[in-house]
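Student: The structure's right below; bear with me while I get my questions together.
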Amino acid sequence: MTSTTRSNLTPEEVEQRLTETVIASFSGTSDERLKELMTSLVTHLHGFIRDVRLTEEEWNQAIAFLTAVGHITDDRRQEFILLSDVLGASMQTINVSNTPYKDATEATVFGPFFVDDAPRIDNGGDIAGGGVGQPAWVEGVVRDTDGNPVPGARIEVWEADEDGLYDVQHDDERVYGRAHLFSEDDGSFRFWGLTPTPYPIPDDGPVGALLAATGRSPMRASHLHFMVTAPGLRTLVTHIFVTGDELLATDSVFGVKESLIKDFEQQEPGTPTPDGRDLGDASWSRARFDIVLAPEGA
1 MTSTTRSNLT PEEVEQRLTE TVIASFSGTS DERLKELMTS LVTHLHGFIR DVRLTEEEWN
61 QAIAFLTAVG HITDDRRQEF ILLSDVLGAS MQTINVSNTP YKDATEATVF GPFFVDDAPR
121 IDNGGDIAGG GVGQPAWVEG VVRDTDGNPV PGARIEVWEA DEDGLYDVQH DDERVYGRAH
181 LFSEDDGSFR FWGLTPTPYP IPDDGPVGAL LAATGRSPMR ASHLHFMVTA PGLRTLVTHI
241 FVTGDELLAT DSVFGVKESL IKDFEQQEPG TPTPDGRDLG DASWSRARFD IVLAPEGA
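Okay, structure coming up:
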């Protein structure tokens, strides 16, 4: 067939043949998992284009959108994580990657504001680091799924202040609202932090524009981040949420799980604190979060 000869194939057959040709181009891929991923990606991407009859203008808009996501991303802001989160892709990946195992604590989204060199505190220390908000005492025990305490588990915790901002969202180098500590010989841990409050995810970029265009709120339910690691056990990335928060059902990144909703019991000013800390005339809250880690590979 010459370049001027039209195919006798129907438009539908032309579309399907292109999909098959692209998939066939991966036949020499030595990495079988990569081959599987690319084959499925092309199948579903081409299927989407055909299902919605995507126009060239719409495809160019999509490319421009992804380009804008890349441009706004830097070492302090990860817009691609936000995009993944608001599309539910992050949460769905977590669901398929973390098979339920006995009574292991459920995982949820990682979020874009983790810092891997957070300061260390001792048990009973304060992660707030000058962050503004109501003090909160958080305590619990790390165990495995057989009920054994896990000593020496590394517990990373991070959260926003009462204004809804993480430390990395400021232009200066301040560090607050984050730390790491280790569980004691009996698996216990405890620290002071801030009572979680709701806040919007960054909505001044392309992801925020997408939410606005689709009539969605950028608000996240109140939460406190945890990442817990211990040898021989599955790494846990999770949050605890606040009982009674009106945003639990509409969390913008679909991260809420019922088992992770905890009581932050309000304490009146002057109520004795667990460690004798003097909070003056400030109210405070108290929460318990027992953590159960699944075996590595489970």
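The sequence shown runs 1 to 298 under the UniProt record's numbering. Note that beta-carbon positions come from the ideal geometry of N, C-alpha and C, so glycine has one too. Please read all numbers here as calculations on a predicted model, not as lab measurements.
Consult DSSP for Lys262 and reduce its assignment to one of helix, strand or coil.
Tutor: If you number the sequence shown from 1, residue 262 lands on position 262. Of the three classes helix, strand and coil, the one that applies to Lys262 here is strand, per DSSP.
Student: What is the DSSP secondary structure of Ile63, counted as helix, strand or coil?
Tutor: Mapped onto the sequence shown, residue 63 falls at position 63. Three-state result, Ile63: helix.
Student: To the nearest angstrom, how far is the alpha carbon of Thr4 from that of Pro11?
Tutor: Taking the first residue of the sequence shown as position 1, residue 4 is located at position 4. Taking the first residue of the sequence shown as position 1, residue 11 is located at position 11. With a pLDDT of only 49 at Thr4, under 50, the local geometry of the prediction cannot be trusted, and no value is derived from it.
Student: By Cβ distance below 6 Å, which residues in the same chain neighbour Asp245 in space, the five residues on each side in sequence not counted?
Tutor: For the purposes of this step, residue 245 is taken as residue 245 along the sequence shown, with counting starting at 1. Closer than 6 Å at Cβ, skipping near neighbours: Ala221, Ser222.
Student: Is the number of C-beta pairs between the stretch 239-256 and the stretch 266-278 that are closer than 8 Å three or more?
Tutor: No, they do not touch.
Student: Can you give the Cα-Cα distance for Gly215 and Ser84, rounded to whole angstroms?
Tutor: Here residue 215 refers to the residue found at position 215 when the sequence shown is read from its first residue. Here residue 84 refers to the residue found at position 84 when the sequence shown is read from its first residue. Rounded to the nearest angstrom, the two C-alpha atoms are 18 Å apart.
Student: Closer than 8 Å is the cut-off here; do at least three beta carbon pairs connect the stretch 94-113 with the stretch 124-140?
Tutor: The answer is no - the stretch 124-140 does not touch the stretch 94-113, with fewer than three Cβ pairs under 8 Å.
Student: Keeping to the same chain, check which residues put their C-beta closer than 6 Å to that of Ser90; ignore five residues upstream and five downstream.
Tutor: Residue numbering aside, residue 90 sits at position 90 when the sequence shown is read from its first letter. Result list for Ser90: Ser84, Val109, in chain order.
Student: Do the stretch 170-186 and the stretch 199-215 meet, that is, are 3 or more Cβ pairs less than 8 Å apart?
Tutor: These segments do not touch.
Student: Is it the case that the Cβ atoms of Gly129 and Val175 are separated by a distance below 7 Å?
Tutor: The residue given as residue 129 occupies position 129 in the sequence shown. The residue given as residue 175 occupies position 175 in the sequence shown. Cβ atoms of Gly129 and Val175: closer than 7 Å.
Student: Tell me, please, which residues DSSP counts as bridged to Glu156.
Tutor: Working through the sequence shown from its first residue, we reach residue 156 at position 156. Glu156 pairs with His180, Met227.
Student: Using only the heavy atoms of the ligand ADP, determine whether one of them is closer than 6 Å to the beta carbon of Phe26.
Tutor: Judged by which ligands are present, the structure shown has none, so any question about the ligand ADP falls away.
Student: So Ser183 packs on Val142, CB below 8 Å; how close in whole Å?
Tutor: Numbered from its first residue, the sequence shown carries residue 183 at position 183. Numbered from its first residue, the sequence shown carries residue 142 at position 142. Indeed they touch by this definition, with Cβ atoms about 5 Å apart.
Student: Is it true that the stretch 225-240 meets the stretch 282-295, where meeting means three or more beta-carbon pairs spaced less than 8 Å apart?
Tutor: Yes: the two stretches touch, three or more of their Cβ pairs being nearer than 8 Å.
Student: Please state if the CB of Pro196 and the CB of Val228 are separated by a distance shorter than 7 Å.
Tutor: Taking the sequence shown and counting its residues from 1, the one referred to as residue 228 is at position 228. Taking the sequence shown and counting its residues from 1, the one referred to as residue 196 is at position 196. No. Outside cutoff.
Student: Can you check DSSP and say which residues form a bridge with Trp193?
Tutor: By one-based count along the sequence shown, residue 193 stands at place 193. According to the sequence provided, residue 193 is Gly. The question's Trp does not apply to it. DSSP lists Ala136 as partners of Gly193.
Student: Report the residue ranges of all alpha helix (DSSP H) runs contained in full by the stretch 89-141; include only those spanning at least 4 residues, in chain order.
Tutor: 89-97, all fully within the stretch 89-141.
Student: Taking contact to mean at least 3 C-beta pairs separated by less than 8 Å, is the stretch 16-26 in contact with the stretch 36-56?
Tutor: Yes, the stretch 16-26 touches the stretch 36-56.
Student: Asp185: which of Tyr166, Glu58, Arg154, Gln267 sits nearest, CA to CA?
Tutor: Sequence index remark: in the sequence shown, residue 185 carries index 185 (1-based). The candidate whose alpha carbon is nearest that of Asp185 is Arg154.
Student: Please report the distance separating the alpha-carbon of Arg50 from that of Glu15.
Tutor: Within the sequence shown, residue 50 is the residue found at index 50, counting from 1. Within the sequence shown, residue 15 is the residue found at index 15, counting from 1. Rounded to the nearest angstrom, the two C-alpha atoms are 8 Å apart.
Student: Measure from the alpha carbon of Ala287 to the alpha carbon of each residue in Gly140, Asp126, Glu56, then state which is nearest.
Tutor: Here residue 287 is taken as the residue at index 287 of the sequence shown, counted from 1. Answer by Cα proximity: Gly140.
Student: In this structure, how does DSSP classify Leu274 when only helix, strand and coil are distinguished?
Tutor: On the sequence shown, position 274 is the one that residue 274 refers to. A small fix is needed here, since residue 274 is Pro in this sequence, not Leu. Coil.
Student: On the DSSP letters alone, give me the boundaries of the beta strand (DSSP E) that Thr39 sits inside.
Tutor: Along the sequence shown, read from residue 1 onward, the residue named residue 39 stands at position 39. Premise fails: Thr39 lies in the alpha helix (DSSP H), 32-52, not in any beta strand (DSSP E).
Student: Identify every residue that forms a DSSP beta bridge with Val292.
Tutor: Locating residue 292 in the sequence shown gives position 292, counting from the first residue. The partner list for Val292 (beta bridge, DSSP) reads Arg143.
Student: Does DSSP classify Ile23 as helix, strand or coil?
Tutor: Counting from 1 along the sequence shown, the entry for residue 23 is found at position 23. Looking at Ile23 - three-state DSSP - the assignment turns out to be helix.
Student: Could you give the residue range of the beta strand (DSSP E) that holds Leu237?
Tutor: What you label residue 237 is simply residue 237 of the sequence shown in a count that begins at 1. Correcting the residue type first, residue 237 is Val in the shown sequence and not Leu. Start and end: 236-242.
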